[in-house]
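Participant: Quick one: this structure, given as structure tokens, is what I'll be asking you about.
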Amino acid sequence: MLKKLSKSLCLILLSAGINAEEKVFPALIPTEKPQGYSRAVERLYEQWNPMEDRNNELYSNFKYTRLKGLELAEGISRRDPTKVIKVNGTYHVWYTGRRTKEAPEGLKKATDTKPGTDWDLADIWHATSKDGWTWVEDKEPAVKRPPKPEQGFRSICTPGILMWKGKYYLYFQAYSPMVGGQTYCPVRVAYADSPNGPWTHHPEPVILPGPKGSWNNIKINDPCPIVHKGRILVYYKGAPIERGKEYVLRVQGVSFADDPLGPFTPSPKNPVINSGHETCMFPFGDGVGALIALDGPEKNTIQYSEDGEDFEIKSLIQVPPVAPGPFCPSAFKGDGKNTGFTWGLCHINIDGGGAQKSSILARFDCDLSPDIDIPYFKHNNLRFNEETYFQKNIGLNSNMTKMMKRLSKKEQDMN
Ligand code: AAL
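Right, dumping it as structure tokens:
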């Protein structure tokens, strides 16, 4: 009987074009790396994991929801939120808040009352929530611009929150007059005993741009503090004053401190991340996770580093939150048991641009927590509707349409 069966199995395989002796990659994914297949199969085991993104704690897709209470209003822009923290049952977030009668129209047209960019003439605002979906904004900024001529008198923006030994620290970009890509931007800090303030400006900037000719010699953007192995790490994006294809564009560095007011010592390995415009670093397990979006060869990835300095790509992501501020329940414990996050706030520029229109804060949900398993967020194959493909920045613009038509014409003439 058995003999008969295996004979008929051989016949079926042969008729399907498969030789019973031939090695075929099985449908049931081997849990151990099988030998003798392609580099792609090897990578599945060496760099990724055989269950693909379904088993990847550092992979997620992101789903967005409009916030209640912080809706778009004339003359108000909110962007670049901090991490969300929870204190005595209330969630807190801080962000760049701009309230100007006039709209930004570029730095050349900026005046004392007209902003040059969405983050010009801004202060740091604060909102609270009981559930993470509905938010209530304070009546006044939490941290106001310092008086002239202190650094930051023109605009303070893009804050990052740190909880350290029962106190609260907000790190932020401090601009005196803005003059385009050439604007000098160090990081200042303000501190408070309660998330509700009052906040006091530390008199001196704590993280300064680097020396002449270095990768961060003009700007330190997006300060993102975390606690790792008992130390304070502040990540940031640096930019040089030099512009052009041969110069560094957007890379990230880190500085270490044992006191929130400094001194901060830059990592000798800086820059520690070679990409990213909108980023967020978060404690994960006993290392550091980093969500890296928009710029550079490693854009739209989630990376991981054991020591906070040497990062490896762990996943490729789609539609990442812009300027994410996740709620990381154990972000500032520094106990090596960090559980990632499942939601946070981010910003969306209302016309899909960057600098010239107002922005809104939005909520994102995801599964970047090793303690939780939500298969919905581990799906691949995210597809978009018609409107998405033809919207500004994705549809081919009119100048490029003309150029591509000229090119097609040339190709036709040549062939
Ligand atoms: C943001 C951040 C920094 C930039 C600008 C305001 O999203 O990258 O803060 O300077 O845009």
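Numbers -20 to -1, 1 to 395, taken from mature numbering (1 follows the signal peptide of the UniProt record, and there is no 0), label the letters of the sequence shown in order. Backbone N, C-alpha and C fix where the C-beta goes; we use that ideal spot for every residue, glycine too.
Say yes only if the C-beta of Cys137 is nearer than 7 Å to one or more non-hydrogen atoms of the ligand AAL, and no if none qualify.
Facilitator: yes
Participant: Suppose the cutoff is 6 Å on Cβ atoms and the five residues either side in sequence are ignored; what does the same chain contact list for Tyr148 look like?
Facilitator: So the list reads Ala172, Pro175, once near-sequence residues are dropped.
Participant: In the DSSP assignment, find the unbroken alpha helix (DSSP H) run with Asp100 in it and report its ends.
Facilitator: From DSSP, Asp100 is part of no alpha helix (DSSP H); its letter is neither H nor E.
Participant: Measure the Cβ-Cβ separation of Pro306 and Gly324 and say whether it is below 8 Å.
Facilitator: yes
Participant: Spatial neighbours of Pro277 within its chain, please: C-beta separation below 8 Å, excluding the five flanking residues on both sides.
Facilitator: Asn254, Ser255
Participant: Pop quiz: Ser247 and Gly267 are said to be a contact at Cβ under 8 Å. What is the actual Cβ separation, rounded to whole angstroms?
Facilitator: Their Cβ separation, rounded to whole angstroms, is 15 Å, which puts Ser247 and Gly267 out of contact at 8 Å.
Participant: Given a cut-off of 8 Å on the beta-carbon distance, is the pair Glu82 and Pro61 in contact?
Facilitator: No, the pair does not count as a contact, with Cβ atoms beyond the cut-off.
Participant: Among Arg134, Val116, Asp111, Lys110, whose alpha-carbon lies nearest the alpha-carbon of Asp103?
Facilitator: Arg134
Participant: For the alpha helix (DSSP H) that contains Trp294, what are its first and last residues?
Facilitator: The question names Trp, but residue 294 in the sequence shown is Lys. It is not in any alpha helix (DSSP H) - Lys294 instead sits in the beta strand (DSSP E) that spans 292 to 296.
Participant: Are the CB atoms of Thr259 and Asp202 nearer to each other than 8 Å?
Facilitator: Yes, Cβ-Cβ distance for Thr259 and Asp202 is below 8 Å.
Participant: Measure the C-alpha to C-alpha separation of Ser109 and Lys48 and round it to an integer number of angstroms.
Facilitator: Ser109 and Lys48: Cα-Cα distance of roughly 10 Å.
Participant: Could you tell me whether any non-hydrogen atom of the ligand NAD is closer than 7 Å to the CB of Ala303?
Facilitator: Judged by which ligands are present, the ligand NAD is missing from the structure shown, whose ligands are the ligand AAL.
Participant: Check whether the Cβ atoms of Ile221 and Ile198 sit closer than 8 Å, and answer yes or no.
Facilitator: yes
Participant: Taking 7 Å as the limit between beta carbons, can you name the residues of its chain near Gln392, skipping five residues before and five after?
Facilitator: Within the same chain, no Cβ atom closer than 7 Å to the Cβ of Gln392 is found once the five residues on either side in sequence are excluded.
Participant: Using C-beta distances below 7 Å, list every residue in its chain close to Val67, excluding the 5 sequence neighbours before and after it, in chain order.
Facilitator: Leaving aside the five residues that flank Val67 on each side, the residues in its chain whose CB is nearer than 7 Å to its CB run, in chain order, Pro175.
Participant: Indicate, with yes or no, if the ligand AAL has a heavy atom lying under 7 Å from the CB of Lys279.
Facilitator: no
Participant: Specify the secondary structure class of Ser(-15) as computed by DSSP and reduced to three states.
Facilitator: Residue placement at Ser(-15) is poorly supported in this model, since its pLDDT is 45, which falls under 50; the coordinates are not used for a value here.
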